[in-house]
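Below you'll find the structure, written out as structure tokens, and then a few comments.
Shown next, in the form of structure tokens:
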């Protein structure tokens, strides 16, 4: 019985040498399968839209460019810093409207692929919202392995040329928007400051007028009082000062003690009428107006203040208004890092391996079929 099973065992045994010889004999057929697979795989890889991820860094302006604003900043009226420029630039990008306009202009989405204008507009808005505006990583992010030092625009798509064109348009539009915003903010600040200055001058004029009016009223009241006291003194025949005084001797000498409730007319009409004469003969009353000098000093200081005129002149010398190119942020479109996600070489390599495997299987199966037919025929 064992002798009957032995031949069957030998028939089922795999002859490795014969197997390798079969594969070698069919090498050209295997190569043909591999070539066909590579051709199809390559065609698929290169005809399929190329998907990429583009990362563009947004950096603050250089310290050299920031120095151009130093004269204007030194005045303290309107400050422009690296951080303020960068923040404004990021704000305009984050609104997404600049991206939406550029996407329509460069037809990053084909209108023909959408049934209606509303569908197309919705797709544009969604695509613009999908563009990532990534902030710099903090210490927590660095601890997790992130290494993003600057603001970064990240986009995944399949048309790098159109995307770079969109970035150029967005950069120019955002820069122009920041520049125009600075001009408008300066003009607004200037208008508010000029208005505040006018209001202060008006208030000082009113205060000066009130101080003069108060002096006039006080002087009028004083003259009325003096005339009344002079009339009483004349009636009583008090020409000289007859104020009652008490004198007493102290260790330090003679001290006069005048009673505070003594009638004013006892000073005598000669002294009182002389005071009336002097008051009425005043040609320049400004020296006698309480607080007038301080008010006039404040008014003169405001009128002579040239801060606003200097601020306008200094702003004209900055890149905001001068011939110098205005830069809100360091944003180099051509430094964009574009990384392909299509893996074309991997697709071709897998096609080669798969084609080779199919070829080997075909050669082995064909050889097995031929051998079986040969045994049956024998």
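Numbering (this note's numbering), first residue to last: 7 to 384.
Note that the Cβ used here is the ideal one computed from N, Cα and C, for glycine as well.
Open item on the list: Once the 5 residues before and after residue 41 are set aside, which same chain residues still bring their CB inside 8 Å of it?
Closed with: As a first step, residue 41 must be located in the chain shown, where it is residue number 35. So the qualifying residues of the chain are 361.
Open item on the list: I need the boundaries of the alpha helix (DSSP H) containing residue 209, first residue and last residue.
Closed with: Position 203 of the chain shown, counted from the first residue, corresponds to residue 209. Here the alpha helix (DSSP H) through residue 209 covers 166 to 242.
- [ ] Quick one: grab the DSSP three-state call for residue 140.
- [x] To locate residue 140, count along the chain shown from 1; it is residue 134. Note: residue 140 maps to strand in three-state DSSP.
Open item on the list: According to DSSP, residue 60 sits in a beta bridge with which residue or residues?
Closed with: By one-based count along the chain shown, residue 60 stands at place 54. According to DSSP, residue 60 bridges with 161, 344.
- [ ] Verify whether the separation of the beta carbon atoms of residue 210 and residue 315 is less than 8 Å.
- [x] On the chain shown, residue 210 is found 204 positions in, with the first residue counted as 1. On the chain shown, residue 315 is found 309 positions in, with the first residue counted as 1. Taking 8 Å as the Cβ cut-off, residue 210 and residue 315 do not qualify as a contacting pair.
TODO: In angstroms with no decimal places, state the Cα-to-Cα distance between residue 262 and residue 300.
DONE: Position 256 of the chain shown holds residue 262. Position 294 of the chain shown holds residue 300. Because the pLDDT at residue 262 is just 41, under 50, the model does not fix this residue reliably, and the point stays unresolved.
- [ ] Report yes if the CB atom of residue 325 is closer than 8 Å to the CB atom of residue 74, and no otherwise.
- [x] Counting from 1 along the chain shown, the entry for residue 325 is found at position 319. Counting from 1 along the chain shown, the entry for residue 74 is found at position 68. Yes, the pair counts as a contact, with Cβ atoms nearer than the cut-off.
Task: Given 8 Å, three or more beta-carbon pairs between the stretch 196 to 213 and the stretch 371 to 381 - done: With a cut-off of 8 Å, the stretch 371 to 381 and the stretch 196 to 213 do not count as touching, because too few Cβ pairs lie within range.
Task: Residue range of the alpha helix (DSSP H) that includes residue 306 - done: If you number the chain shown from 1, residue 306 lands on position 300. Segment 298 to 310, the alpha helix (DSSP H) holding residue 306.
Task: Reference residue 233; option with closest CA among 118, 285, 104 - done: Taking the first residue of the chain shown as position 1, residue 233 is located at position 227. The shortest C-alpha separation from residue 233 is found at 285.
TODO: Grab me the residues of residue 334's own chain with a C-beta within less than 8 Å of its C-beta, minus the 5 sequence neighbours each way, in chain order.
DONE: Numbered from its first residue, the chain shown carries residue 334 at position 328. Residues of the same chain with a CB within less than 8 Å of the CB of residue 334, apart from the 5 flanking positions on each side, are 67, 91, 92, 94, 95, 180, 181, 184, 185 in chain order.
Open item on the list: I'd like to check one pair, residue 158 with residue 63: are the Cβ atoms closer than 8 Å?
Closed with: Walking along the chain shown from the start, residue 63 turns up at place 57. Walking along the chain shown from the start, residue 158 turns up at place 152. The answer is yes: Cβ separation under 8 Å.
Task: Three-way DSSP call (helix, strand, coil) for residue 336 in this model - done: Position 330 of the chain shown holds residue 336. Residue 336: strand per DSSP, three-state reduction.
Open item on the list: Once the 5 residues before and after residue 151 are set aside, which same chain residues still bring their CB inside 6 Å of it?
Closed with: Here the question's residue 151 lines up with position 145 in the chain shown. Because residue 151 sits at a pLDDT of 46, beneath the cut-off of 50, its placement in the model cannot be relied upon, and the point is left open.
Open item on the list: Can you confirm whether the stretch 269 to 279 touches the stretch 223 to 241 when touching is taken to mean that 3 or more C-beta pairs between the two stretches lie within less than 8 Å?
Closed with: yes
Task: Straight-line gap, residue 223 to residue 328 (C-alpha atoms, nearest Å) - done: The residue labelled residue 223 in the question sits at position 217 within the chain shown. The residue labelled residue 328 in the question sits at position 322 within the chain shown. Going from the Cα of residue 223 to the Cα of residue 328 covers about 57 Å.
TODO: Please confirm whether residue 59 and residue 330 have their CB atoms less than 8 Å apart.
DONE: Here residue 59 corresponds to residue number 53 of the chain shown, with the count starting at 1. Here residue 330 corresponds to residue number 324 of the chain shown, with the count starting at 1. Contact flag unset, no.
Task: Candidates 200, 244, 292, 338: closest to residue 277 by CA position - done: For the purposes of this step, residue 277 is taken as residue 271 along the chain shown, with counting starting at 1. Nearest C-alpha to residue 277: 244.
- [ ] Return helix, strand or coil for residue 327, following the three-state DSSP convention.
- [x] Stepping through the chain shown from its first residue, residue 327 is reached at position 321. Coil at residue 327, not helix or strand.
TODO: Would you kindly work out how many angstroms separate the C-alpha atoms of residue 370 and residue 33, rounded to a whole number?
DONE: One-based indexing of the chain shown puts residue 370 at position 364. One-based indexing of the chain shown puts residue 33 at position 27. One C-alpha to the other measures close to 11 Å.
- [ ] Return the residue from the list 230, 337, 356 that minimises the CA-CA distance to residue 177.
- [x] To locate residue 177, count along the chain shown from 1; it is residue 171. Checked all of 230, 337, 356; the closest Cα to residue 177 is 337.
TODO: Just mark residue 169 as buried or exposed, buried being the case when its beta carbon has 16 or more other beta carbons within 10 Å.
DONE: Taking the first residue of the chain shown as position 1, residue 169 is located at position 163. Buried.
Task: Contacts around residue 385, its chain only, beta-carbon distance under 7 Å, and the 5 residues preceding and following it disregarded - done: Nothing in the structure corresponds to residue 385, since the chain is present only between 7 and 384.
Task: Assigned secondary structure, residue 364 (DSSP; H/G/I helix, E/B strand, else coil) - done: Residue mapping note: residue 364 aligns to position 358 of the chain shown, counting from 1. Helix at residue 364.
Task: Inter-residue Cα distance where the pair is residue 343 and residue 142 - done: Position 337 of the chain shown holds residue 343. Position 136 of the chain shown holds residue 142. Going by the C-alpha atoms only, they are around 17 Å apart.
- [ ] Keeping to the same chain, check which residues put their C-beta closer than 7 Å to that of residue 225; ignore five residues upstream and five downstream.
- [x] Taking the chain shown and counting its residues from 1, the one referred to as residue 225 is at position 219. So the list reads 285, once near-sequence residues are dropped.
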